[in-house]
Ligand SMILES: Cc1ncc(COP(=O)(O)O)c(C=O)c1O
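Residue numbers (the numbering used here): 6 to 444.
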């Protein structure tokens, strides 16, 4: 099928996510390998966003494909109440890979369902109802996870369910909790403790945080914030849930991003990198003391595809590749390369406001003037960003673009020269936004 027919049929018979259907312009994709994908006509793209920030081991990894083919000759699917070898092995592997005493896992079909079930586990184990989360966050598109989500994707889903309370981030968009990391941490946690009093600490089951915030900007918590948050939640018996759907499995240069904060959460949710998107799968990892509180209670959660055997076998192969090929270590090493490239853009392009990177998790912001105002308003657009997106597409670079920002979130297999190749395209593209810079 050629690109034209593919696009025409897809648009006629299928709906696209987060879009006005009439305005959708789908990317025709026929195959993918390593850090690249191709159109049916053979145009090649650098996948500088790991597709949906999720293909961490790269596309069509031969070892994963071989393991999947082997698994196809075995058990594909089993009743959720069964015991299977794939389930036994993956539970054990995750218990070994996850820090602290997080050693019990509930398998779902993706990230949103992992967060949905984390809410249930938190409420069931604490007997409390309220859930806190941050404004600059995304936690999924199901009903309850839309309520956890703070960014504008929530708006169309409102009014939502009761019991969800959103809090300011330590680093909000324009308001400032301070200038140094320590000051921001101190002031933000002081604010949060006051808010907890207003909401009645004994009613709050959990707080959800992305350990490193993803689509809302690749925001790394300020110094000491994770530790302070951990202490605050311990003080009030509130469960700390780290959403590692995007940041987990090596993306930040550690297996889990909360390890940078030197803490162990009560619950961790994961998806994306768990199978590198070779199959849909999510998981909730639970700490021993929370599991103990849960064991004697009825857990009201289930999915037809809970612990889907083929998906679990796929995850096992992906995690083996992640460890054996030292992809977490590569992400940590490549951070300096990305940093250097971003610094060079900053020195050269007046429209380049800031680049943030941790591991192979990067985001760049474009400004419209020397006062540092972002080129597009919150949840808005700017014609220069549209042109920049079109330039990247024409030049064979696939990246995630939103408002005033675009991503540098490639597969963890990427090499230094491949990173340079992508940044060379970005460097040329920024002449477009420089032309819109107002001085
Ligand atoms: C941090 C975070 N949590 C949850 C989700 C939802 O995951 P899924 O799309 O697999 O439901 C996402 C998806 O992008 C995410 O980035």
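C-beta: ideal position from N, C-alpha, C; glycine also.
- In this structure, residue 116 has its CB closer than 8 angstroms to one or more heavy atoms of ligand 1.
- Spanning the alpha carbons of residue 255 and residue 376 requires a straight line of approximately 35 angstroms.
- In the displayed model, residue 195 falls within a helix according to three-state DSSP.
- Exclusion of residue 283 from the 8 angstroms shell around ligand 1 follows from its C-beta lying no nearer than that to any non-hydrogen atom of the ligand.
- In the DSSP annotation of this structure, the continuous segment of the beta strand (DSSP E) that includes residue 413 starts and ends at 410-413.
- Residue 250 has its Cβ nearer than 8 angstroms to a heavy atom of ligand 1.
- The Cβ-Cβ distance between residue 212 and residue 137 falls below 9 angstroms.
- In the DSSP assignment, residue 230 falls within the unbroken alpha helix (DSSP H) covering 230-241.
- Residue pairing for residue 372: DSSP places it in a beta bridge opposite 379.
- Its Cα nearest to that of residue 307, the residue 114 stands out among 194, 132, 386 and 114.
- In this structure, residue 149 sits away from residue 132, with a CB-CB distance that is not shorter than 9 angstroms.
- Between residue 63 and the set 342, 373, 313 and 279, the nearest pair of CA atoms involves 279.
- Proximity of the stretch 390-402 to the stretch 314-325 falls short of the contact definition, fewer than three beta-carbon pairs being nearer than 8 angstroms.
- For residue 434, no beta strand (DSSP E) run applies; the uninterrupted alpha helix (DSSP H) run containing it begins and ends at 421-440, by DSSP.
- Scanning its chain for C-beta atoms nearer than 6 angstroms, with the 5 sequence neighbours on each side dropped, one finds no residue around residue 301.
- Distance from the CA atom of residue 412 to the CA atom of residue 98, rounded to whole angstroms, is 31 angstroms.
- Counting only runs of at least 4 residues, the stretch 274-321 fully encloses the following alpha helix (DSSP H) elements, listed from N- to C-terminal order: 293-300.
- Within the model, the alpha-carbon separation for residue 343 versus residue 265 is close to 19 angstroms.
- Residue 47 carries a coil assignment under DSSP once its states are collapsed to helix, strand and coil.
- Around the beta carbon of residue 270, a 10 Å sphere encloses 16 or more other beta carbons of the protein chains shown; the residue is thus reported as buried.
- Ranked by how close their Cα comes to the Cα of residue 431, the residues 38, 83, 356 and 443 have 356 in first place.
- When secondary structure is reduced to three states using DSSP, residue 138 falls in the strand class.
- The beta carbon of residue 200 is closer than 7 angstroms to those of 172 in its chain, skipping five residues each way along the sequence.
- The stretch 241-258 makes contact with the stretch 211-226: 3 or more CB pairs, one atom from each, lie closer than 8 angstroms.
- The closest heavy atom of ligand 1 lies 8 angstroms or more from the beta carbon of residue 280.
- Distances taken from the Cβ of residue 57 to the heavy atoms of ligand 1 include one shorter than 8 angstroms.
- Under DSSP, residue 211 forms a beta bridge with 136 and 244.
- Fully enclosed alpha helix (DSSP H) runs of no fewer than 4 residues occupy 116-131 and 148-153 of the stretch 102-186, in order along the chain.
- For ligand 1, a non-hydrogen atom lies closer than 8 angstroms to the CB of residue 219.
- Assigned with DSSP and collapsed to three states, residue 390 falls in helix.
- Taking a 10 Å sphere around the C-beta of residue 142, we find 16 or more other C-beta atoms and assign the residue as buried.
- The three-state reading of DSSP puts residue 70 in helix, counting H, G and I together.
- Put simply, the backbone Cα of residue 190 is about 21 angstroms away from that of residue 359.
- In the same chain as residue 108, and ignoring 5 residues on each side of it, the C-beta atoms closer than 7 angstroms to its own belong to 100 and 293, in chain order.
- With 16 or more other Cβ atoms inside 10 Å of its own Cβ, residue 372 counts as buried.
- Judged by pairs of C-beta atoms under 8 angstroms, the stretch 406-420 touches the stretch 47-57, as three or more such pairs exist.
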